[in-house]
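The structure appears right after this line, and notes come after that.
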Amino acid sequence: MALTKNERRLRIKNRIRKVVSGTEARPRLAVYRSNKEIYAQIVDDVTGNTISAASSRDKDISSAKATKSEVAKLVGKALAEKALKAGVETISFDRGGYLYHGRVKSLAEGAREAGLKF
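Structural data, given as structure tokens:
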């Protein structure tokens, strides 16, 4: 029996998480994408702490009238600004089992433009 889309994504996500983990020096940028929204957080997996987070539901971003990809870019920029304030410059990118395409790619580009190094 074939896997559902979500089961397939979770398998890919687990395969990625075997390799990618966040440390204090290089935390992990985790992405979750739903049909309407996109969420991202920077996580230190050693201590289990979320260093900073941003989503398309934040007030300043949700008020912007833009396409989903443009909103994802704004989320990436907002997350990068919060991370730089917290003292994080380099991260490892965890795409969460999604293809590096579309909104996930836009989020990553926005974070890079705002100063995060992958």
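The numbering of the sequence shown is our numbering, which starts it at 12 and goes up by one.
By construction, the Cβ of each residue, glycine as well, lies at the ideal position given by its N, Cα and C atoms.
- Comparing alpha-carbon positions, the option among A94, L21, A36, V82 lying closest to V115 turns out to be V82.
- Rounded to whole angstroms, A91 and E18 show a C-alpha spacing of 30 Å.
- Bridge pairing for N60: D55 [DSSP].
- In the structure shown, K128 falls within a strand segment according to DSSP collapsed to helix, strand and coil.
- In the structure shown, A77 adopts coil according to DSSP, grouped into three states.
- From the listed residues I62, N60, Y50, the smallest Cα separation to D69 is found for Y50.
- Non-local C-beta neighbours of V57 in its own chain, meaning closer than 7 Å and more than five positions away in sequence, comprise T34, E35, ordered along the chain.
- Burial state of V30 is exposed, judged by a 10 Å Cβ sphere holding fewer than 16 other Cβ atoms.
- Counted as a single uninterrupted DSSP element, the stretch harbouring V42 is not any alpha helix (DSSP H) but the beta strand (DSSP E) occupying residues 39 to 44.
- For D105, the enclosing beta strand (DSSP E) starts and ends at 103 to 105.
- Collapsing the DSSP output to three states places S66 in a strand.
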